[in-house]
Amino acid sequence: MLVQHKKILNKPIKILLATNGLILMAAAMIGPIYALFIEEIGGSLLDASYAGAAFALVAGITVLVSGSYTDKVKHPERIVALGYIIFGSGFFLLTFVQSIWMLLLVQGIIGFGEAIYSPSYDAVYSKHLTKNEAGRQWGFWESMSYFTAVVGALLGGYIASTFGFDALFIVASLFCLASAIYVLVLPKDTL
């Protein structure tokens, strides 16, 4: 008698975990050492707080609109890709930051990108959850977010200390762009 084993993760969930994993890793590469970058451009710890506040304020406002819009579109995965592109563009723009005002603007762009992709990502991920496996499959996402934070923190510290902050921001941006392109080139009904 053959015993059939069901797959724990279906193909769309695996794709979503991989692409979002790159996004979360990009952010984790920057997060732990961000205050050092702010200090390098002449900012203080208080300026780092302002940057975090700018990100959160823009994201908090935008996510409400983005979430409502997500419910009305036929292909929310395209909104995910758009958010990834904006998010990555913000990381790339960090290479041009030379003042606190520019930093606040770029942080707003990064917050905007995250707020664009987050509700759409959650909607697409939820759509592909296996019946009676939601807790387990969201657990995979949670676990992935922690493990990408580990790898991202170590990789980001290495890149910044070896090659500088500009290299770090470019790599983070490329991770986001790669995720966006992958989502966009998938066959139409994959996600």
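The sequence shown stops at residue 196 when you use the working numbering, and every number in between is there. For glycine and all other residues, C-beta sits at the position ideal for the given N, C-alpha and C. Quick caveat, the model's predicted, so the values are computed rather than measured.
Under the three-state reduction of DSSP output, Gly48 falls in the coil class, being neither helix nor strand. Segment contact: the region 182-189 against the region 36-54, fewer than three CB-CB distances shorter than 8 angstroms; contact not assigned. According to the DSSP assignment, Gln103 belongs to no alpha helix (DSSP H), since it is labelled neither H nor E. When the Cα atoms are used, Ala53 and Ile114 turn out to be separated by approximately 16 angstroms. Annotation for Asp171: Thr100 place their beta carbon closer than 6 angstroms to its own, counting only its chain and skipping 5 residues before and after.
Taking C-beta separations shorter than 8 angstroms and ignoring five residues to either side along the sequence, the partners of Gly161 in its chain run Ala33, Met34, Ile35, Gly36, Pro37, Ile38, Leu173 and Ala177, following chain order.
Distance from the CA atom of Ser104 to the CA atom of Val111, rounded to whole angstroms, is 11 angstroms. Here the alpha carbon of Leu108 sits roughly 7 angstroms from the alpha carbon of Ala56. With a cutoff of 8 angstroms on beta-carbon distance, Ile84 and Gly118 are scored as not near each other. Rounded to whole angstroms, the gap between the alpha carbons of Leu87 and Thr195 is 17 angstroms.
In this structure, the straight-line span from the alpha carbon of Leu159 to that of Phe180 is close to 16 angstroms. Ranked by how close their Cα comes to the Cα of Ala165, the residues Thr153, Ala31, Gly140 and Phe152 have Ala31 in first place.
Counted as a single uninterrupted DSSP element, the alpha helix (DSSP H) harbouring Ile18 occupies residues Lys16 to Ile35.
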